[in-house]
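Protein sequences appear in the order of chains A and B.
Using the working numbering, you'd call the opening residue of the first sequence number 28 and step up by one each time.
Using the working numbering, you'd call the opening residue of the second sequence number 12 and step up by one each time.
Everything on this sheet refers to the single structure shown next.
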Amino acid sequence: MKEVPAKVEHNKEWIVVKIGVDEEHMVLPAPINREISYKSIIDLEERKMALTLTIKGEQELMIRIASVEKVLQIIKRLILGSCNAYRLMAYFMSPAIRGGVMVNTAQWEKGSVVVVRSGIWFVSAAKQICIPLSEVAAIELTKRDVQGKPTDVIRIDSVESGEVVSSLVLCPLSTLQVLNNFLKDATKGIDMKGTELDGISQQVAMLIYSGMDSHAIENMLNIPHKQLDEIYDKILNLGLAEVVTIRREVQLTTKGVRYITDATKTQKN
Amino acid sequence: MGKILIVDDTLFMRTLLKNILFSGGHTIAGEAANGEEAIARYHELKPDLVTMDVVMPKMNGIDALRGIKQIDPAARVIMCTAVGQEQVVKLAIKTGAKGYIVKPFQAPKVLEEVKNVLAAS
Numbered sequence: 028m029k030e031v032p033a034k035v036e037h038n039k040e041w042i043v044v045k046i047g048v049d050e051e052h053m054v055l056p057a058p059i060n061r062e063i064s065y066k067s068i069i070d071l072e073e074r075k076m077a078l079t080l081t082i083k084g085e086q087e088l089m090i091r092i093a094s095v096e097k098v099l100q101i102i103k104r105l106i107l108g109s110c111n112a113y114r115l116m117a118y119f120m121s122p123a124i125r126g127g128v129m130v131n132t133a134q135w136e137k138g139s140v141v142v143v144r145s146g147i148w149f150v151s152a153a154k155q156i157c158i159p160l161s162e163v164a165a166i167e168l169t170k171r172d173v174q175g176k177p178t179d180v181i182r183i184d185s186v187e188s189g190e191v192v193s194s195l196v197l198c199p200l201s202t203l204q205v206l207n208n209f210l211k212d213a214t215k216g217i218d219m220k221g222t223e224l225d226g227i228s229q230q231v232a233m234l235i236y237s238g239m240d241s242h243a244i245e246n247m248l249n250i251p252h253k254q255l256d257e258i259y260d261k262i263l264n265l266g267l268a269e270v271v272t273i274r275r276e277v278q279l280t281t282k283g284v285r286y287i288t289d290a291t292k293t294q295k296n
Numbered sequence: 012m013g014k015i016l017i018v019d020d021t022l023f024m025r026t027l028l029k030n031i032l033f034s035g036g037h038t039i040a041g042e043a044a045n046g047e048e049a050i051a052r053y054h055e056l057k058p059d060l061v062t063m064d065v066v067m068p069k070m071n072g073i074d075a076l077r078g079i080k081q082i083d084p085a086a087r088v089i090m091c092t093a094v095g096q097e098q099v100v101k102l103a104i105k106t107g108a109k110g111y112i113v114k115p116f117q118a119p120k121v122l123e124e125v126k127n128v129l130a131a132s
């Protein structure tokens with residue numbers, strides 16, 4: 028069993044330990060004293076150089092481990108290879124499209140797709156990429172040109188720091204269909220049934236997607252502020268957007284007008 | 012910063028691209044609503060770059076790209092199309108497109124792609 032340096036959260040404090048790891052288990056030494064079989068892990072999340080493991084049991088247990096990237100990569104590889112998850116061998120390309128622009132360096136990688144409770148992991152010899160299910164915007168079985176032939180792939184769109192990123196998965200069609208159904212089920216919270224917008228509201232949503240602010244939208248669609256506000260209400264009520272900034276429009280008071288008048292006179296002098 | 016010709020059959024997309032490119036400091040050389048118009052406008056305006064929709068009436072974007080490349084083999088054209096039509100990427104690149112954006116797109120990425128294509132040649 029190899030040992031890797033890490034910090035583990037214990038009684039709400041981070042303690043420095045050497046975690047023992049082999050192909051099937053990890054051992055957290057004293058004062059934690061716990062042996063964890065990878066098969067008992069039902070979820071793996073990663074955030075800011077820290078992993079959160081959820082362990083199956085009568086009462087689910089969560090363990091947080093922080094370390095340097097190299098160590099986390101080893102731990103992730105071991106867990107994702109054996110944990111309790113939906114797993115299939117596949118080719119993947121992630122990211123393939125970022126913000127609508129094809130990623131020039133994107134290429135198909137051989138590896139596996141591992142779906143845990145909170146996310147979809149793409150794992151290859153060189154990469155471990157996670158898309159949290161809460162950030163999945165769309166899943167679609169589509170066609171893509173692969174080595175000159177139109178080939179069935181799954182496209183997964185996710186939102187990463189406000190940017191829409193598309194990833195592609197390629198494997199035999201029957202497996203793709205199973206994966207597609209599984210992912211759709213895992214992300215059914217994003218079911219779009221009943222989410223319908225009229226033409227102008229759709230255009231507004233598209234402009235928001237493209238990064239336009241209220242002022243630009245009003246000018247581009249030639250609509251008054253009040254109408255845009257009503258469309259925003261509709262989009263907000265459907266849960267399609269969230270308010271990030273409330274901007275104020277003001278007009279000068281008499282005092283303000285006097286100030287500007289005086290300031291202009293001073294400039295003339 | 013470049014002088015850009017926007018080619019798209021929908022006024023909405025042209026206006027959106029115009030706004031994005033303008034916000035990035037570029038000049039809009041002109042607009043065209045189909046492939047034939049694009050070739051004529053390219054000949055007339057000699058822009059630094061063209062954003063070219065693929066699916067358009069009269070003449071599609073790939074044929075317009077071919078026409079522009081005949082006028083100017085060094086023309087810088089970024090193809091722009093909807094999700095699900097990515098299979099035309101190879102054909103467009105083979106025909107001489109320098110970049111590719113997929114609708115719907117986000118402004119910062121479009122500007123980045125335009126900047127990269129302008130800087131590359």
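Even glycine gets a Cβ: it sits at the ideal position worked out from N, Cα and C.
Note that this is a predicted model, so its numbers are computed, not measured.
Backbone secondary structure at residue i - three-state DSSP
i	result
Gln254/A	helix
Arg171/A	strand
Val99/B	helix
Phe149/A	strand
Gly226/A	helix
Val141/A	strand
Lys83/A	coil
Lys176/A	strand
Pro56/A	coil
Arg114/A	strand
Gly238/A	coil
Ser201/A	helix
Gln81/B	helix
Lys109/B	coil
CB contact flag (residue i, residue j, <9 Å)
i	j	result
Lys83/A	Asn60/A	no
Pro115/A	Val143/A	Residue identity differs from the one stated: residue 115/A is Leu in this sequence, not Pro. No, these two residues do not count as a Cβ contact at 9 Å.
Leu195/A	Ala123/A	yes
Leu107/A	Leu80/A	no
Met120/A	Gly110/B	no
Asp59/B	Gly107/B	no
Phe23/B	Gly126/A	no
Arg135/B	Ile15/B	Outside the shown range of chain B, which is 12 to 132, sits residue 135/B, and nothing can be said about it.
Any non-hydrogen atom of the ligand COA closer than 8 Å to residue i Cβ
i	result
Pro251/A	Within the structure as shown, the ligand COA is missing, as the structure has no ligands at all.
Interface flag, residue i vs chain A, CB-CB below 9 Å
i	result
Asn30/B	yes
Pro68/B	no
Leu73/B	Note that residue 73/B is Ile in the sequence shown here, rather than Leu. No, Ile73/B lies away from the interface with chain A (no Cβ there is under 9 Å from its Cβ).
Leu129/B	no
Leu27/B	yes
Val100/B	yes
Ile112/B	yes
Gln81/B	no
Val166/B	Outside the modelled stretch of chain B, which goes from 12 to 132, sits residue 166/B, for which no answer is possible.
Ala118/B	yes
Pro84/B	no
is_contact[residue i, chain B] using C-beta, thresh 9 Å
i	result
Met116/A	no
Tyr236/A	yes
Arg125/A	yes
Gln230/A	yes
Val128/A	yes
Ala243/A	yes
Val191/A	yes
Gly175/A	yes
Checklist entry - Counting Cβ pairs, one atom from each stretch, are 3 or more of them under 8 Å apart for the region 35-52 of chain B and the region 75-86 of chain B? => result yes
Item to check | the region 200-217 of chain A contacting the region 123-131 of chain B, beta-carbon criterion three pairs below 8 Å | outcome: no
Item to check | Sufficient close CB pairs (3 or more, under 8 Å) joining the region 90-101 of chain A to the region 33-44 of chain A | outcome: yes
Next on the checklist: When you compare the region 18-34 of chain B with the region 236-252 of chain A, are there three or more beta-carbon pairs, one atom per stretch, that lie closer than 8 Å?
Outcome noted: yes
Next on the checklist: Within 8 Å, do at least three Cβ pairs link the region 169-184 of chain A to the region 94-104 of chain A?
Outcome noted: no
Next on the checklist: For a minimum of 4 consecutive residues, which ranges assigned as the alpha helix (DSSP H) are wholly contained in the region 244-289 of chain A?
Outcome noted: 252-264
Next on the checklist: Tell me whether the region 157-168 of chain A and the region 177-197 of chain A touch, counting them as touching only if at least three CB pairs, one residue from each stretch, are closer than 8 Å.
Outcome noted: yes
Item to check | Segments of 3+ residues assigned as beta strand (DSSP E) that fall wholly inside the region 51-75 of chain B | outcome: 60-64
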